[in-house]
Amino acid sequence: MSLVTKKDEENGLSTYYNNKTTVIQEARVFNDSPISPRKCRALLTRIVYLLYIGETFGTQEATTLFFGTTKLFQHKDSALRQMVYLTIKELATTAEDVIMVTSSIMKDMQPNSEVIYRPNAIRALCRIIDPSMAQGVERFFKAAIVDKNRSISSAALVSAYHLFPVAKDVVKRWVNEAQEAVTPKSVSMFSGNTSGSYLGWGGSSGTSNSGYQPVPSTSYITQYHALGLLYLIRQQDRMAVTKMIQQLGGGKSGAGTTLKNPMALCMLIRYAAKVIEEDPNVQQQMFDLLEGWLRHKSDMVNLEAARVICEMKNVTPTQLTRPIAVLQLFLSSPKPTLKFAATRTLASLALTHPSSVAACNMDLENLISDQNRSVATYAITTLLKTGNEASVDRLMKQITGFMSEISDEFKVIIVDAIRSLCLKFPAKHASMLSFLSGVLRDEGGYEFKRAVVEAIFDMIKFIGECKEQALSHLCEFIEDCEFTKLSVRILHLVGMEGPKAPQPTKYIRFIYNRVVLENATVRAAAVSSLAKFGLNGLDDKLGKSVNVLLNRCLDDVDDEVRDRAAMYLKVYDAPSLAATYIKEESVFSLPALESKLVSYISDTDALATPFDVSSVPKISRAQAAKEAARPSSLETIGVPSTSKAATPPPQTSAETQSAYIQQLAEVPELASYGPVLHSSIKPAQLTERETEYQVSCVKHIYKEHIVFQFNVSNTIPDTVLEQVSVIMQPQADSGLTEDFIIPLPSLSLATSPGIVYVSFTRDSPAEYATTSFSCILKFVSKELDPSTGEPEQEGYEDEYQLEETELAAADYIVPSYVTFASEWDRLRDGGSATETFSLSAMESMKAACDSIIEILNMQPLGGTEDPQNPTVHTLQLSGLVAGGGGKILVRCRMTYSKAQGVTLELGVRAEQEDACNLVVAAIGG
Numbered sequence: 001m002s003l004v005t006k007k008d009e010e011n012g013l014s015t016y017y018n019n020k021t022t023v024i025q026e027a028r029v030f031n032d033s034p035i036s037p038r039k040c041r042a043l044l045t046r047i048v049y050l051l052y053i054g055e056t057f058g059t060q061e062a063t064t065l066f067f068g069t070t071k072l073f074q075h076k077d078s079a080l081r082q083m084v085y086l087t088i089k090e091l092a093t094t095a096e097d098v099i100m101v102t103s104s105i106m107k108d109m110q111p112n113s114e115v116i117y118r119p120n121a122i123r124a125l126c127r128i129i130d131p132s133m134a135q136g137v138e139r140f141f142k143a144a145i146v147d148k149n150r151s152i153s154s155a156a157l158v159s160a161y162h163l164f165p166v167a168k169d170v171v172k173r174w175v176n177e178a179q180e181a182v183t184p185k186s187v188s189m190f191s192g193n194t195s196g197s198y199l200g201w202g203g204s205s206g207t208s209n210s211g212y213q214p215v216p217s218t219s220y221i222t223q224y225h226a227l228g229l230l231y232l233i234r235q236q237d238r239m240a241v242t243k244m245i246q247q248l249g250g251g252k253s254g255a256g257t258t259l260k261n262p263m264a265l266c267m268l269i270r271y272a273a274k275v276i277e278e279d280p281n282v283q284q285q286m287f288d289l290l291e292g293w294l295r296h297k298s299d300m301v302n303l304e305a306a307r308v309i310c311e312m313k314n315v316t317p318t319q320l321t322r323p324i325a326v327l328q329l330f331l332s333s334p335k336p337t338l339k340f341a342a343t344r345t346l347a348s349l350a351l352t353h354p355s356s357v358a359a360c361n362m363d364l365e366n367l368i369s370d371q372n373r374s375v376a377t378y379a380i381t382t383l384l385k386t387g388n389e390a391s392v393d394r395l396m397k398q399i400t401g402f403m404s405e406i407s408d409e410f411k412v413i414i415v416d417a418i419r420s421l422c423l424k425f426p427a428k429h430a431s432m433l434s435f436l437s438g439v440l441r442d443e444g445g446y447e448f449k450r451a452v453v454e455a456i457f458d459m460i461k462f463i464g465e466c467k468e469q470a471l472s473h474l475c476e477f478i479e480d481c482e483f484t485k486l487s488v489r490i491l492h493l494v495g496m497e498g499p500k501a502p503q504p505t506k507y508i509r510f511i512y513n514r515v516v517l518e519n520a521t522v523r524a525a526a527v528s529s530l531a532k533f534g535l536n537g538l539d540d541k542l543g544k545s546v547n548v549l550l551n552r553c554l555d556d557v558d559d560e561v562r563d564r565a566a567m568y569l570k571v572y573d574a575p576s577l578a579a580t581y582i583k584e585e586s587v588f589s590l591p592a593l594e595s596k597l598v599s600y601i602s603d604t605d606a607l608a609t610p611f612d613v614s615s616v617p618k619i620s621r622a623q624a625a626k627e628a629a630r631p632s633s634l635e636t637i638g639v640p641s642t643s644k645a646a647t648p649p650p651q652t653s654a655e656t657q658s659a660y661i662q663q664l665a666e667v668p669e670l671a672s673y674g675p676v677l678h679s680s681i682k683p684a685q686l687t688e689r690e691t692e693y694q695v696s697c698v699k700h701i702y703k704e705h706i707v708f709q710f711n712v713s714n715t716i717p718d719t720v721l722e723q724v725s726v727i728m729q730p731q732a733d734s735g736l737t738e739d740f741i742i743p744l745p746s747l748s749l750a751t752s753p754g755i756v757y758v759s760f761t762r763d764s765p766a767e768y769a770t771t772s773f774s775c776i777l778k779f780v781s782k783e784l785d786p787s788t789g790e791p792e793q794e795g796y797e798d799e800y801q802l803e804e805t806e807l808a809a810a811d812y813i814v815p816s817y818v819t820f821a822s823e824w825d826r827l828r829d830g831g832s833a834t835e836t837f838s839l840s841a842m843e844s845m846k847a848a849c850d851s852i853i854e855i856l857n858m859q860p861l862g863g864t865e866d867p868q869n870p871t872v873h874t875l876q877l878s879g880l881v882a883g884g885g886g887k888i889l890v891r892c893r894m895t896y897s898k899a900q901g902v903t904l905e906l907g908v909r910a911e912q913e914d915a916c917n918l919v920v921a922a923i924g925g
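Position one of the sequence shown corresponds to residue 1 (UniProt numbering), numbered consecutively onward.
The following block contains the structure:
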């Protein structure tokens with residue numbers, strides 16, 4: 001890796017600095033007598049530069065350089081000594097036997113040593129010492145933390161912060177010193193600058209720091225470092241953190257705080273935000289402190305407090321009044337940084353509280369013409385989120401002049417804002433579509449043009465009135481489109497929507513032009529789009545014309561174009577092929593297909609038989625598009641990474657299934673079971689959430705086995721559970737025989753949750769066993785020794801009664817999308833069953849649909865899960881039965897009356913009779 005710029009290379013810096021071999025050879029200057037400080041400083045600078053740009057030294061090379069550098073400790077040149085410390089600190093992670101220089105470094109840590117050496121010596125010692133030596137240098141660190149010189153104190157605090165992960169017990173004993181460092185002291189005679197800038201760097205050879213003039217510091221930077229260390233020590237004790245915030249916060253006014261450093265106060269505000277998120281009981285006390293900090297004299301503190309309040313969960317409009325007023329003041333600030341921070345926070349808040357932010361609209365409109373285009377972009381996006389329908393036309397005029405002055409990155413944000421505004425105010429689609437079509441003709445890169453095309457796609461999808469006009473704009477765009485990907489996407493959309501338009505023939509000219517004028521990729525997409533006009537068109541004359549055009553494509557020079565044309569011409573002659581390959585509304589779930597293929601190629605025995613694609617569930621094209629859709633930039637702009645809006649979306653069922661397959665593959669006892677046919681996606685909770693032990697269950701279906709996975713959590717901090725297992729007792733004649741239990745050796749709060757596996761053999765793999773199990777959690781409970789943190793030698797056996805778990809029909813069925821009417825007819829010759837049930841407990845048609853879907857775990861089709869008629873409804877369901885059971889369809893005809901509840905006629909068709917019986921038994925049970 002190299003971070004050297006092209007300019008550096010032109011100046012020859014790359015040749016000079018990046019030659020590692022030359023640097024190692026020149027290291028002999030460390031052995032010269034007398035030592036030349038100037039040459040040594042130059043060489044040490046080159047070594048550090050190489051390390052900073054990512055160059056790596058081998059262990060032997062690093063060790064040689066390290067010990068060569070340590071020979072310079074004897075020289076009195078202060079600037080050279082600082083470079084020595086910087087170099088050995090960077091080489092310490094790679095070199096061997098670095099601990100040998102500990103005594104040399106500790107000489108410079110003594111209180112009677114030169115003040116200019118001590119901070120760097122402390123930072124270097126932190127990297128050098130072994131964790132077991134931390135106790136031996138404890139007194140030096142304690143003394144340094146409370147030293148009156150702020151550079152020494154800050155160096156010790158930062159070093160303690162880095163030592164904490166490897167020497168927790170030692171660093172925790174320094175809490176009193178860190179607490180003392182937080183309280184303001186009298187101003188030291190030395191600057192708070194810890195970087196060594198006042199240490200005489202750049203002096204002539206052999207000179208000391210005689211020209212150094214100390215500068216008083218009022219930055220109180222030590223407080224920032226000390227606060228970070230205090231929180232690191234106390235972060236596991238919520239009460240201690242809360243008390244620290246209240247003590248340092250200065251009460252409701254925020255004026256009497258002991259913290260003078262703005263960065264320390266900002267960090268304290270973030271700690272308060274974390275406490276609010278974790279403990280709602282102290283929310284009001286923390287909120288009072290945050291409001292007090294809104295009146296602090298530092299702009300940085302005001303902004304941080306306002307931002308935290310705006311990002312609080314369930315914040316009310318009343319609570320937002322004061323922070324929004326503070327942000328509104330910053331909108332008119334002469335400082336660009338304050339305007340940027342304020343507009344960014346308001347842009348984020350407008351996602352959830354647009355009416356509260358609307359009070360700032362007048363100030364935000366003044367920022368549209370701001371010279372800082374980052375500020376202007378945030379201002380306009382916020383206005384688009386908070387504006388009303390009457391202001392749309394005015395905003396569109398302002399944006400039109402604004403677009404030509406900003407970069408593509410900001411244009412994308414503006415276009416995404418327009419995209420959301422279109423859906424919010426569909427009545428204004430004409431002006432917004434005109435704007436989008438105008439910017440589509442402007443100069444711009446791929447991301448910008450793609451954002452505009454995506455916005456027009458959404459308008460076509462959600463605003464029916466503008467569909468025809470939007471398609472015309474897109475067709476004109478591909479006449480002169482330089483981006484192949486966009487042309488292909490537009491051609492696909494025109495092929496889907498064009499045949500449904502009142503005048504489909506007007507789009508064919510644009511499509512056929514692409515066949516004549518574009519590259520092979522676009523030509524192939526144009527052939528597919530053109531063919532759909534003939535297959536989906538209602539006019540036979542149109543179909544014949546398209547057929548003629550496709551025949552011309554058979555002479556194309558590219559084989560992909562020729563093959564597509566030949567395929568579609570074949571489909572024209574066989575309408576049944578069109579129904580299967582062109583008009584089919586379902587596609588394979590790609591995550592499920594991937595996991596099935598991985599499982600197939602991992603099992604050597606399975607490779608002897610063809611891959612069974614019928615076992616892969618399908619999803620609708622609309623669902624696939626929804627899963628692949630990119631999030632709008634408008635919905636994420638200005639949102640911090642820690643906020644709820646930035647949380648990654650939950651896994652789909654196919655992704656969860658794939659994760660289970662990988663997890664089970666790592667269990668040696670289950671290796672001989674073969675591939676997992678199906679896993680229940682949602683864990684069944686077997687305990688209440690408030691209990692001390694929390695257990696949930698997931699069921700995994702194999703060809704000849706059932707494996708129950710129990711996720712066990714121990715919520716008691718001072719107790720360890722050992723030999724954790726779950727005892728399961730099935731009902732009589734369950735058709736299952738227990739194989740073994742894989743227990744957990746140990747389970748503590750830190751290692752929760754752990755997994756216990758219980759395996760059963762299916763007595764008859766061809767049958768679908770359904771039964772219930774009583775479950776008991778068994779373990780040995782041991783207390784933790786508070787001094788050592790280790791569990792006691794002896795514990796006591798205990799058990800905990802869990803709720804029953806069931807093996808039901810839903811555990812064997814995988815939801816899968818199909819076109820119901822055609823598939824229902826196809827299965828007429830397979831297994832079938834019809835039963836009538838009285839569901840008197842159901843209070844509505846919707847409740848009956850939800851209950852049936854939950855019991856069967858099947859895919860509802862065509863929106864039938866939401867009844868439109870309160871008295872008569874038909875629910876259509878589809879799924880695959882794990883283990884070779886094939887497809888299964890269910891048609892539920894229902895009627896509802898207050899007197900009798902829901903009367904259900906259950907019709908089932910499946911590829912196998914056993915699958916029908918499984919569904920009927922599930923509803924009847």
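We treat Cβ as the ideally placed atom computed from N, Cα and C, and that holds for glycine. For clarity, every value in this text was computed on a predicted model and none was experimentally measured.
Per-residue burial, residue i [other beta carbons within 10 Å of its own, 16 or more giving buried]
{"i": "residue 873", "result": "buried"}
{"i": "residue 124", "result": "buried"}
{"i": "residue 262", "result": "buried"}
{"i": "residue 332", "result": "exposed"}
{"i": "residue 899", "result": "exposed"}
{"i": "residue 728", "result": "buried"}
Under 8 Å between C-beta atoms of residue i and residue j
{"i": "residue 674", "j": "residue 703", "result": "yes"}
{"i": "residue 385", "j": "residue 351", "result": "yes"}
{"i": "residue 425", "j": "residue 392", "result": "yes"}
{"i": "residue 955", "j": "residue 804", "result": "The question about residue 955 has no answer here: the residues shown for the chain are numbered 1 through 925."}
{"i": "residue 852", "j": "residue 875", "result": "yes"}
{"i": "residue 466", "j": "residue 421", "result": "no"}
{"i": "residue 300", "j": "residue 266", "result": "yes"}
{"i": "residue 487", "j": "residue 514", "result": "yes"}
{"i": "residue 419", "j": "residue 458", "result": "yes"}
{"i": "residue 661", "j": "residue 599", "result": "yes"}
Residue i - DSSP class collapsed to helix/strand/coil
{"i": "residue 310", "result": "helix"}
{"i": "residue 724", "result": "strand"}
{"i": "residue 635", "result": "For residue 635, the predicted structure reports a pLDDT of 45, less than 50, and the residue's modelled location is therefore unreliable. The matter cannot be settled from this model."}
{"i": "residue 120", "result": "helix"}
{"i": "residue 167", "result": "coil"}
{"i": "residue 429", "result": "helix"}
{"i": "residue 778", "result": "strand"}
{"i": "residue 588", "result": "strand"}
{"i": "residue 705", "result": "strand"}
Close-in-space but distant-in-sequence residues of the same chain around residue i (CB under 6 Å, 5 per side omitted)
{"i": "residue 448", "result": "408, 411 and 412"}
{"i": "residue 713", "result": "694, 752 and 753"}
8 Å Cβ shell around residue i - same chain, five flanking residues per side excluded
{"i": "residue 846", "result": "866 and 867"}
{"i": "residue 923", "result": "835, 837, 852, 855, 856, 904 and 906"}
{"i": "residue 921", "result": "770 and 809"}
Same chain only: Cβ atoms within 7 Å of residue i, ignoring 5 sequence neighbours per side
{"i": "residue 554", "result": "562, 565 and 566"}
Are the region 142-160 and the region 107-126 in contact at 8 Å, needing three or more beta carbon pairs?
-> Yes, they touch.
Hey, is the region 742-754 in contact with the region 830-837, meaning 3+ C-beta pairs nearer than 8 Å?
-> With the cut-off at 8 Å, the region 742-754 and the region 830-837 do not touch.
If we count Cβ pairs, one from each stretch, closer than 8 Å, do we get three or more for the region 23-36 versus the region 69-80?
-> yes
Please confirm if the region 856-864 is in contact with the region 791-801, defined as three or more CB-CB distances below 8 Å between the two stretches.
-> no
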